[in-house]
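Here's the structure we're looking at; comments come further down.
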Amino acid sequence: MRRIAPLRRMLSAFAGLMMTSIGLGAAGALAQDLPVVPYRIESGGISAPLGGRQGDAGRGRKLVTDRRKGLCLLCHSGPFPEERFQGDLAPSLAGIASRLTAEKIRLRIVDSTAINPASLMPPYHRIEGLVEVGAAWRGKPILTAGEIEDVVAFLGTLRD
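Quick note: the sequence shown uses the numbering used here, first residue 5, plus one each step.
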C-alpha cells in the first residue's frame, strides 16, 4: 500500500501538468467548456449513453491513443502496434469488450473511483471533490460527454 501512494502522487502530478498544458493550448479549447452531463449509476454501470448519443469508434480510437488528450496509454496497453511505450500500471485494453459491458466501461471512464475509491485512473467526466486540479481544468471534465461515448464505442470493438 505504501508503494502506491508515491506512484499516485507522481501520476497525479504528471496528469495535472499535462492537463494544464493542454488547457493552455489549442487542444484545450475543444468542447471542454461544456458542463458535465448528468448520469445515473445502476448495477455497476451507466446504462444510458451520456448526452443521449452513440459514439464514433474512429474518433474514440484517436482519443485512446492521443497522449495529449486521453492519456490512456500512460497506464494501459492495448492492440496499438504503432504506439510505443504503452503503460503497464493498469489492465490491458485488449479484449476489454469481452470482459466488460459498455455500461461498465462507461462508468470506469466517467469515474472509476465509483467502483474502486483507490483507483489511480482519473475521473474523466466528474468535476466535484477533486484535488490538485490545474487552474485551466477546474470545473471542466477531461472529456466531454460525446468524447466519452466515442471512447466507449471504440473500446466496445476490442474483443478477444
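For glycine and all other residues, C-beta sits at the position ideal for the given N, C-alpha and C.
Assumed close pair residue i, residue j - CB separation to whole angstroms, cut-off 8 angstroms
i           : j           : result
residue 170 : residue 93  : In this structure the chain extends from 5 to 164, so residue 170 is not present and cannot be described.
residue 62  : residue 150 : Not a contact, Cβ separation roughly 13 angstroms.
residue 131 : residue 40  : 6 angstroms
residue 50  : residue 111 : 5 angstroms
The alpha helix (DSSP H) enclosing residue i, as first and last residue numbers
i           : result
residue 102 : 100-103
residue 152 : 149-159
residue 66  : 61-69
residue 112 : 106-115
Residue i classed as buried or exposed, judged by whether at least 16 other C-beta atoms fall within 10 angstroms
i           : result
residue 32  : Note that residue 32 scores a pLDDT of 38, beneath 50, so its modelled location is shaky; the value from the coordinates is reported in the next line. Classification for residue 32: buried.
residue 23  : Any reading at residue 23 must be qualified, since the residue scores a pLDDT of 46, below 50, and its modelled position is unreliable; the value itself is stated next. With 16 or more Cβ atoms within 10 Å of its Cβ, residue 23 is classed as buried.
residue 126 : buried
residue 148 : buried
residue 163 : exposed
residue 74  : buried
residue 82  : buried
residue 156 : buried
residue 89  : exposed
residue 44  : exposed
residue 106 : buried
residue 116 : buried
Per DSSP, cross-strand counterpart(s) of residue i
i          : result
residue 46 : 49
Cβ of residue i within 8 angstroms of any chain B Cβ
i          : result
residue 92 : The structure shown contains no chain B, having only a single protein chain.
- prompt: Taking contact to mean at least 3 C-beta pairs separated by less than 8 angstroms, is the stretch 135-143 in contact with the stretch 100-118?
  reply: Touching, no.
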